[in-house]
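Take a look at the structure set out below.
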Amino acid sequence: MKIGVSGASGHLGRAVVSELLQRPGGHEVVAITRTPETVSGPAQGRFGDYNRPESLAEAYAGLDRLLIIPTLDAGKRGAQNVAAIDGAVRAGVKHIVFISAAGARQEEPALGVPYWWGEQRLIATAPAWTNLRMNFYAESFVQQAQASLAQGVLTGLAANRVAFVARGDVAAAAAGILIGDGHAGAIYNAIDIAAIYEKGKQIESLPLRQFLVIWTVASP
11 MKIGVSGASG HLGRAVVSEL LQRPGGHEVV AITRTPETVS GPAQGRFGDY NRPESLAEAY
71 AGLDRLLIIP TLDAGKRGAQ NVAAIDGAVR AGVKHIVFIS AAGARQEEPA LGVPYWWGEQ
131 RLIATAPAWT NLRMNFYAES FVQQAQASLA QGVLTGLAAN RVAFVARGDV AAAAAGILIG
191 DGHAGAIYNA IDIAAIYEKG KQIESLPLRQ FLVIWTVASP
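Take the sequence shown: its letter number 145 is residue 155 in my numbering, and every next letter is one higher.
Below, the structure is given as structure tokens:
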């Protein structure tokens, strides 16, 4: 089985490629990125650019399963998602997995709509599909803290609620979907730490404690 990761040069993409290479099964891994020269073996590097849809047919050719990871470009993300999905369908990819976002819906234009468009396009056109909805990466706090120290401003989500998930956990989940069976037609939400805590209490008899980590950013 030949598995592709589209957007393989980003943090999540690299983590998924690493997960796939570590797992048994005899599958081939194809890392699709705008910078294929940065891909090191045993993964195969291929050029693919969401802003150049004509490049995607060749990038996705011969793949049995494909993970599509959207870019950080919010202004172009919707069109890029559709272009990537259409390219994968035209290339004959049998099962397409799409990284979406928790709460993706048409009524949330600032963030949700590009992912919602992608989900709807995938469901309508792919021969087999899976949506994996990410939550807020816990690692992003480090980047936010660094930026806040430099800028003197800590930006947040105001009163909005958010669930946190480790990027490595999302990568592991994506890899499991790509090499496993029984995931076609499923929509998964990357779970938050509170839910993990509750599940852990149910399946393990040892007592668990929750820790609330409070970040304090002081001006230099």
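For every residue, glycine included, the Cβ atom is placed at its ideal position computed from N, Cα and C.
- With a minimum length of 4 residues, the unbroken runs of alpha helix (DSSP H) contained wholly in the segment 16-75 fall at 21-32, 66-70.
- Here Ile78 is near Ala94, since their CB atoms are less than 8 Å apart.
- Listed as beta-bridge partners of Tyr198 by DSSP are Leu142.
- Cβ neighbours of Ala69 within its own chain (closer than 6 Å, five residues either side excluded): Ile42, Arg56, Gly58.
- In the structure shown, Ile189 adopts helical secondary structure according to DSSP, grouped into three states.
- Per DSSP, reduced to three states, the secondary structure at Ala157 is helical.
- In the same chain as Gly17, and ignoring 5 residues on each side of it, the C-beta atoms closer than 6 Å to its own belong to Gly23, Ile79, in chain order.
- Exclusion of the five residues before and after Ala182 leaves Glu29 as the residues of its chain whose Cβ lies within less than 7 Å of its Cβ.
- Under the three-state reduction of DSSP, Leu132 is assigned to helix.
- The beta carbon of Tyr147 is closer than 7 Å to those of Val175, Arg177 in its chain, skipping five residues each way along the sequence.
- The segment 186-197 makes no contact with the segment 42-51, as fewer than three CB pairs between them are under 8 Å.
- For the 8 Å CB-CB criterion, Arg75 and Ser110 do not form a contact.
- By the Cβ neighbour-count rule, Arg131 is buried, with 16 or more other Cβ atoms within 10 Å of its own.
- At least 8 Å separates the beta-carbon of Ala101 from that of Leu82.
- Linking Ala71 to Val103 through their CA atoms gives a straight-line distance of about 8 Å.
- Per the DSSP secondary-structure output, Gly14 pairs in a beta bridge with Val40, Leu76.
- Setting aside the 5 residues that flank it on each side, Trp127 is surrounded in the same chain by Gly88, Asn91, Val92, each with a C-beta closer than 8 Å to its C-beta; the list follows chain order.
- Taking 8 Å as the upper bound for CB-CB distance, Val26 and Ala185 are in contact here, some 6 Å apart.
- Contact annotation, Ala114 with Ile106: C-beta distance approximately 16 Å; criterion of less than 8 Å not satisfied.
- Counting C-beta atoms within 10 angstroms of its own C-beta, Ala160 has fewer than 16 neighbours from the protein chains shown and is therefore classed as exposed.
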